[in-house]
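Asker: Take any residue in the sequence shown, note its place counting from 1, add 960, and you have its number in the numbering used here.
Virtual Cβ for every residue (Gly too), placed ideally from N, Cα, C.
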Amino acid sequence: MTPLPSTALDHLVIGCADLARGAAWLERFFGVTLGPVGEHAVMGTQNRLLSLGPECYLELIAINPAASRPSSPRWFGLDTADVRERIAQRPRLIGWVARTSDIVALSEKTGGALGHVLSMARGDFQWRITNPDDGYPIEGGLIPQMIQWDVPIHPCERLPDHGLRFTWMEAAHPNPAKVEYLLGELGLAKKLVMTASPPYSGMTMCAYIQTPVGTKTLMS
């Protein structure tokens, strides 16, 4: 049996309706300053980043009102009524991204279930990332999009360390065994602690971040 490429949490994704207001909310929430604004021209989105330690970070993302609408659905469900309604109230955890050492092999192993592999670049960063064909996160964001960084440097290396540390994630889903199986297929077993929710109740996800003043909870 061919071993799975190595995989690990890369970053959490927080969606917001307006990047400036979302950043102000998140900075008050954590009591720190986010990184500068970045843009994804291909996706028509913009973001700001925050270190969660030496190996993972947080991405605050929003539709860029000044950008042209992309030819394909934006990532993380930002074009869908469901996600837009949720993030209109406040910034919310809408998904996560896991890095892999071989995104092509992982995509082939999963039969294309993760969607297309997109090649992206910004400044001196280059990466490939999976994106579902309809842009909507798999299982409501409980299954991560996969990324492979094609440069030796990782964004964490350029982010100031404010002492925030990712600790763990949990989620509720009507069929937790399905999510656990899919995560296992990606080499991410037990990266998300699953519990069962009532049928047809949808899903919820929380990420716990240790800060110098205690634990903060990011919710979907």
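#1: Is the beta carbon of Leu1020 closer than 7 Å to that of Gly982?
#2: With which residues is Asn1135 paired in a DSSP beta bridge?
#3: Over the uninterrupted beta strand (DSSP E) stretch that includes Glu1099, give me the two end residues.
#4: Around the C-beta of Tyr1017, are 16 or more other C-beta atoms found within 10 angstroms, so that it is buried, or is it exposed?
#5: On the criterion of 16 or more Cβ atoms from any shown chain inside 10 Å, does Arg1082 qualify as buried, or is it exposed?
#6: Decide if Arg1118 is buried, meaning its Cβ has at least 16 other Cβ atoms within 10 Å, or exposed.
#7: State the beta-bridge partners of Arg1088 as determined by DSSP.
#8: Which same chain residues end up closer than 6 Å to Met961 when comparing Cβ atoms and leaving out the 5 residues on each side of it in sequence?
#9: Tell me which residues share the same chain as Ser1180 and place their Cβ nearer than 6 Å to its Cβ, disregarding the 5 neighbours each side in the sequence.
#10: Compute the Euclidean distance between the alpha carbons of Glu1130 and Leu1102, then round it to the nearest angstrom.
#11: Examine chain C for any beta-carbon lying closer than 7 Å to the beta-carbon of Tyr1168, and answer yes or no.
#12: Name the two residues that bound the continuous beta strand (DSSP E) containing Arg1044.
Answerer: Result, derived from the coordinates:
#1: By 1-based counting over the sequence shown, the position of residue 982 is 22. By 1-based counting over the sequence shown, the position of residue 1020 is 60. With respect to the 7 Å criterion, Gly982 and Leu1020 are classified as neighbours on the basis of their beta carbons.
#2: On the sequence shown, position 175 is the one that residue 1135 refers to. The partner list for Asn1135 (beta bridge, DSSP) is empty, contrary to what the question assumes.
#3: Against the sequence shown, residue 1099 aligns to sequence position 139. Per DSSP, Glu1099 belongs to no beta strand (DSSP E) and is neither H nor E.
#4: In the sequence shown, the residue the question calls residue 1017 occupies position 57. With 16 or more other Cβ atoms inside 10 Å of its own Cβ, Tyr1017 counts as buried.
#5: For the purposes of this step, residue 1082 is identified with residue 122 of the sequence shown, where counting begins at 1. It counts as exposed.
#6: Counting from 1 along the sequence shown, the entry for residue 1118 is found at position 158. Exposed is the call here.
#7: Taking the first residue of the sequence shown as position 1, residue 1088 is located at position 128. Partner(s): Ser1079, Gln1108.
#8: Residue mapping note: residue 961 aligns to position 1 of the sequence shown, counting from 1. Bear in mind that a pLDDT of 46 at Met961, under 50, signals an unreliable position, so the number given afterwards is only what the model happens to contain. Taking Met961 as the centre and dropping the five residues before and after it, the same chain places no C-beta closer than 6 Å to its C-beta.
#9: Taking the first residue of the sequence shown as 1, we reach residue 1180 at position 220. Residues Arg1052, Leu1053, Thr1164, Met1165 of the same chain have their beta carbon placed closer than 6 Å to that of Ser1180, with the five preceding and five following residues left out of the count.
#10: Reading the sequence shown from its first residue, position 170 is the one you call residue 1130. Reading the sequence shown from its first residue, position 142 is the one you call residue 1102. Going by the C-alpha atoms only, they are around 9 Å apart.
#11: Here chain C cannot be found, since the structure has a single protein chain.
#12: In the sequence shown, counting from the first residue as 1, residue 1044 sits at position 84. In the DSSP annotation of this structure, Arg1044 is not part of any beta strand (DSSP E); the continuous alpha helix (DSSP H) holding it starts and ends at 1041-1049.
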